[in-house]
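Working notes, beginning with the structure itself.
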Amino acid sequence: MAEIGKDIAKARVHLTKGHLVAIPTETVYGLAANAYNPDAVANIFVVKNRPSFDPLIVHISKLEDLEILALNIPEKAIILANTLWPGPLTLLLDKRNIISDLVTAGMDKVAIRLPSHPIANELLNSLDFPLVAPSANPFGYISPTTANHVDDQLGEKIPYILDGGECNVGIESTIVGFEDNETVIYRLGGVSKEKIEELVGLVKVKKHSTSNPKAPGMLRSHYAPSKKIILGNLNDLLREWGGHKIGVLSFKETLLADAEIKQIVLAPDGKVETAAKLLFSSLRQLDQEDVEVILAEEVPNYGLGRAINDRLRRAAAPKETENEI
Ligand code: TXA
Ligand code: MG
Numbered sequence: 263m264a265e266i267g268k269d270i271a272k273a274r275v276h277l278t279k280g281h282l283v284a285i286p287t288e289t290v291y292g293l294a295a296n297a298y299n300p301d302a303v304a305n306i307f308v309v310k311n312r313p314s315f316d317p318l319i320v321h322i323s324k325l326e327d328l329e330i331l332a333l334n335i336p337e338k339a340i341i342l343a344n345t346l347w348p349g350p351l352t353l354l355l356d357k358r359n360i361i362s363d364l365v366t367a368g369m370d371k372v373a374i375r376l377p378s379h380p381i382a383n384e385l386l387n388s389l390d391f392p393l394v395a396p397s398a399n400p401f402g403y404i405s406p407t408t409a410n411h412v413d414d415q416l417g418e419k420i421p422y423i424l425d426g427g428e429c430n431v432g433i434e435s436t437i438v439g440f441e442d443n444e445t446v447i448y449r450l451g452g453v454s455k456e457k458i459e460e461l462v463g464l465v466k467v468k469k470h471s472t473s474n475p476k477a478p479g480m481l482r483s484h485y486a487p488s489k490k491i492i493l494g495n496l497n498d499l500l501r502e503w504g505g506h507k508i509g510v511l512s513f514k515e516t517l518l519a520d521a522e523i524k525q526i527v528l529a530p531d532g533k534v535e536t537a538a539k540l541l542f543s544s545l546r547q548l549d550q551e552d553v554e555v556i557l558a559e560e561v562p563n564y565g566l567g568r569a570i571n572d573r574l575r576r577a578a579a580p581k582e583t584e585n586e587i
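According to my numbering, the sequence shown is numbered sequentially starting from 263.
Shown next as structure tokens:
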């Protein structure tokens, strides 16, 4: 098992030596490595069992670092960065040569984000290189939102997990790029579509593609627990699955008095932010219960609700062997 601790200096030493360290961010835990060390970057793909065509997000410590890594930065990107960083926004921009093809999977764009978790910021500030950090889960599985989640799945493979408590946002960053004059969301996430539109006008949300698994951030069967998950009207599903061992994930209502049934209510307060924060840990919990199937419902489709529904739909999508471990 990995050592779990709050020692930023220790994390810094490991990263400087080219080791991998799991780090907290406000969205989910990341599996971090020195972005300028090709061996360390390559090791991320091995440890996660991640296909090399799936590029990595580069995490920076301050706004000025953007210019070091990217060029041709559109005005709208500057507006978003100035307003939403530090925070759960990733910008997809033309890369400079300092970023290797390994990081971007050969693409000429690099994904960059400045996270807002105080421990991540302190760590990044103490380093003289940026960190690549995908979510710290085996490829295709649910992202971790606590140090223990990371330890359960990757603990054997990494030396250190920097513990920053439970992630506040709970779902990954929103990935935004620019095509011609359009602002495009490639992955819904911790900053809402509404917030981005308020700042830079209408945006297009790209649908994930199954025909082109190389379209980054867009694999349909992703974020999946190992149990079968079925999305729909919970009352209908409960009738249909009567007599089976089921787990239930609902938005705000408690549906059943039956104590035999494992049920998690994501947000008794009815807030999509609360649901986002608990989504992955709840899926994990139900996945570990003695149930045959997890029945779930979509949440209201606004704000972070869009990102939650996106994750639920992907978790419920039939597994495509190509995308799964
Ligand atoms: O909130 C987050 O973004 C977390 C935390 C740890 O920062 N990170 C994260 O990384 O979710 P990951 O690797 O699990 O998801 C990043 C997504 C991938 O689906 C990848 O395909 C896409 O971003 N991506 C990364 N670099 C890209 C690039 N150059 N072009 C297109 N898509 C890119
Ligand atoms: Mg991920």
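All C-beta atoms, glycine included, are put in the ideal place defined by N, C-alpha and C.
Legend entry - Ser543: CB within 8 angstroms of a non-hydrogen atom of the ligand MG: no
Inset, instruction - In the DSSP assignment, find the beta strand (DSSP E) that holds Arg312 and state where it starts and stops. - result: Unbroken run through Arg312: none, as it is neither H nor E.
Inset, instruction - Can you have a look at Leu464 and say buried or exposed, based on whether 16 or more other CB atoms are within 10 angstroms of its CB? - result: exposed
Inset, instruction - Report yes if the CB atom of Leu528 is closer than 9 angstroms to the CB atom of Leu511, and no otherwise. - result: yes
Legend entry - Distance cut-off 8 angstroms: Lys357 Cβ against heavy atoms of the ligand TXA: yes
Inset, instruction - Please report the residue range of the alpha helix (DSSP H) in which Arg358 lies. - result: First-last for Arg358: undefined, no H or E at that position.
Inset, instruction - Determine the direct distance from the alpha carbon of Ala273 to that of Thr345, and round the result to whole angstroms. - result: In a straight line, the C-alpha of Thr345 is about 29 angstroms away from that of Ala273.
Inset, instruction - Kindly indicate which residue of Thr536, Asp552, Ile556, Lys338 has the alpha-carbon position closest to the one of Leu545. - result: Ile556
Legend entry - Ile319 beta carbon less than 9 angstroms from that of Ala395: At the C-beta level, Ala395 and Ile319 come within 9 angstroms of one another.
Inset, instruction - Please write down, chain order preserved, every residue whose beta carbon lies under 7 angstroms from a heavy atom of the ligand COA. - result: Only the ligand TXA and the ligand MG can be found as ligands here, which leaves the ligand COA out of the picture.
Legend entry - Outcome for Pro406 when other beta-carbon atoms lying within 10 angstroms are tallied against a minimum of 16: buried
Legend entry - Coarse secondary structure for Lys371, derived from DSSP in three states: strand
Inset, instruction - Can you say whether His506 is buried or exposed, counting buried as having 16 or more other CB atoms within 10 angstroms of its CB? - result: exposed
Inset, instruction - Find the nearest neighbour of Gly452 within the set Thr536, Pro317, Ile330, judged by alpha-carbon distance. - result: Ranked by Cα distance from Gly452, the options Thr536, Pro317, Ile330 are led by Thr536.
Inset, instruction - For Leu331, count neighbouring Cβ atoms within 10 angstroms of its own Cβ and tell me buried if that reaches 16, exposed if not. - result: Per the 10 Å Cβ criterion, buried.
Legend entry - Length of the line joining the Cα atoms of Gly427 and Pro286: 8 angstroms
Legend entry - C-alpha distance - Gly532 paired with Lys514, whole-angstrom precision: The alpha-carbon atoms of Gly532 and Lys514 are separated by roughly 6 angstroms.
Inset, instruction - Using 10 angstroms around the beta-carbon of Lys279, count the other beta-carbons present and answer buried if the total reaches 16, otherwise exposed. - result: Taking every protein chain shown into account, the CB of Lys279 has fewer than 16 other CB atoms within 10 angstroms, so this residue is exposed.
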